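A.B. asks:
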């Protein structure tokens, strides 16, 4: 995920997060009654769940071992409450469709169709493709700077931002990984990991944007720029995870870092004579298009493809183009430094 697209996505994500736990669907009395009844009986209509059955002492009745699924299949099993909510949601949406009503959100989520226990299968698949594209971009950058471009006498790269782009690549892959996990299974832990990894990526992308745009090379100056931002992002992540998952505060933090980063890259792209600056402009335009899908949030088509899935699809070619710009930047700066050395 390119820094500019991180901004657009995270800003949109943070703006939507405050509504995650209160939606029209879960406020529906018919839906609420269905969930309560399901948790007591273990059934929604004719569909019943073995893990919703309890003995008189409150312990679940799993039945004999030979009736249970093999261990390699049990990963797709949800708990009683999750299954009740999911199937009550499907039943209620079927009723609403017959009445001509439009789909509504339940607990902050559109009614998605699960596939092998995966909550949002298309978003997960596209997140995996984005992760693969991030890995391809990072490994191609690694091969370029260490095996194709000349190294200095100390066997280090002439490109002075190599280490920073390595960190960025690792954080990007980490963010895409937890995004896929979160869309596979939306629980408190996966939500925190997804938000934390995204905020960490956004914070580091801001640092990288400032250092590259202002061409900060001195180590002491880099520390002076980075330390306050690292301290701020670390404090914010710890606050969200161990004190309060404050969605409103997180929205403001994401927006502030995102706007600052966007302005930095936009101004730099406008004033630099970098030969590959057009790639940066394409990423900006593509990120703006992706932003439209985040703002225009719509129900998933046939229960699978929603705005986030389309955003992920757009990001695949943009990620390739972004890493192409990074490689071009490494070649451009290495060439310039070698010319000065001569």
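In mature numbering (1 follows the signal peptide of the UniProt record, and there is no 0), the protein residues as written are -22 to -1, 1 to 320.
By construction, the Cβ of each residue, glycine as well, lies at the ideal position given by its N, Cα and C atoms.
Keep in mind it's a predicted model, so treat the numbers as computed, not measured.
Can you tell me whether DSSP reads residue 250 as helix, strand or coil?
C.D. replies: Working through the chain shown from its first residue, we reach residue 250 at position 272. Coil at residue 250, not helix or strand.
A.B. asks: Would you identify the three-state DSSP class for residue 223, choosing helix, strand or coil?
C.D. replies: For this step, residue 223 is matched to residue 245 along the chain shown. Correct three-state label for residue 223: coil.
A.B. asks: Hey, quick one: how far does the alpha helix (DSSP H) through residue 85 stretch, first residue to last?
C.D. replies: The residue you call residue 85 lines up with position 107 of the chain shown. Looking at the DSSP string, residue 85 is not in any alpha helix (DSSP H), and its letter there is neither H nor E.
A.B. asks: Hey, how far is the Cα of residue 297 from the Cα of residue 262?
C.D. replies: Counted from its first residue, the chain shown places residue 297 at position 319. Counted from its first residue, the chain shown places residue 262 at position 284. Straight-line Cα distance between these residues: approximately 12 angstroms.
A.B. asks: Using the beta-carbon count (16 or more within 10 Å), is residue 173 buried or exposed?
C.D. replies: In the chain shown, the residue the question calls residue 173 occupies position 195. So residue 173 counts as buried.
A.B. asks: Counting C-beta neighbours from all protein chains within 10 Å, is the total for residue 316 16 or more, i.e. buried, or is it exposed?
C.D. replies: If you number the chain shown from 1, residue 316 lands on position 338. So residue 316 counts as exposed.
A.B. asks: Can you give me the C-alpha to C-alpha distance between residue 35 and residue 283, rounded to a whole angstrom?
C.D. replies: For this step, residue 35 is matched to residue 57 along the chain shown. For this step, residue 283 is matched to residue 305 along the chain shown. Note that residue 35 scores 49 on pLDDT, short of 50, meaning its location in the model is unreliable; the coordinates nonetheless yield the value given after this. Here the alpha carbon of residue 35 sits roughly 43 angstroms from the alpha carbon of residue 283.
A.B. asks: On the premise that residue 154 lies in contact with residue 105, defined as a C-beta separation below 8 angstroms, what is that separation, rounded to the nearest angstrom?
C.D. replies: Translated into positions along the chain shown, residue 105 becomes position 127. Translated into positions along the chain shown, residue 154 becomes position 176. 6 angstroms between Cβ atoms; contact.
A.B. asks: Please specify which runs of the alpha helix (DSSP H), each continuous and at least 4 residues long, are wholly inside the stretch 191 to 242, giving them in chain order.
C.D. replies: 197 to 220
A.B. asks: Since I believe residue 109 is in contact with residue 151 (beta carbons under 8 angstroms), could you give me their beta-carbon distance rounded to a whole number of angstroms?
C.D. replies: Along the chain shown, one-based indexing puts residue 151 at 173. Along the chain shown, one-based indexing puts residue 109 at 131. Residue 151 to residue 109, Cβ: 6 angstroms. Contact.
A.B. asks: Give me the Cα-Cα distance between residue 287 and residue 266, rounded to the nearest whole angstrom.
C.D. replies: The count along the chain shown starts at 1 and reaches residue 287 at position 309. The count along the chain shown starts at 1 and reaches residue 266 at position 288. Roughly 16 angstroms separates the two Cα atoms.
A.B. asks: Sorted by chain position, which residues of the same chain lie with C-beta nearer than 7 angstroms to residue 45's C-beta, five sequence neighbours on each side aside?
C.D. replies: Within the chain shown, residue 45 is the residue found at index 67, counting from 1. Below a pLDDT of 50, predicted positions are generally treated as unreliable, and residue 45, at 47, falls in that range; the measurement from the model is reported next regardless. Nothing meets the Cβ criterion.
A.B. asks: Just to confirm my understanding: we take residue 149, look at its own chain, exclude 5 residues before and 5 after, and list those with CB closer than 7 angstroms. What are they?
C.D. replies: Counting from 1 along the chain shown, the entry for residue 149 is found at position 171. Answer for residue 149: 178, 179, 182, listed in chain order.
A.B. asks: Return the chain-ordered list of same chain residues with a C-beta closer than 6 angstroms to the C-beta of residue 42, the five sequence neighbours on each side being excluded.
C.D. replies: Counted from its first residue, the chain shown places residue 42 at position 64. Unreliable positioning characterises residue 42 in this predicted model, as indicated by a pLDDT of 47, which lies under 50. The coordinate reading is nonetheless provided below. So the list is empty, once near-sequence residues are dropped.
A.B. asks: According to DSSP, is residue 22 part of a helix, a strand, or is it coil?
C.D. replies: What you label residue 22 is simply residue 44 of the chain shown in a count that begins at 1. Correct three-state label for residue 22: strand.
A.B. asks: Between the C-alpha atoms of residue 251 and residue 137, what's the straight-line distance to the nearest angstrom?
C.D. replies: Indexing the chain shown from 1 puts residue 251 at position 273. Indexing the chain shown from 1 puts residue 137 at position 159. Going by the C-alpha atoms only, they are around 18 angstroms apart.
A.B. asks: Helix, strand or coil for residue 314, going by three-state DSSP, please let me know.
C.D. replies: Numbered from its first residue, the chain shown carries residue 314 at position 336. Correct three-state label for residue 314: helix.
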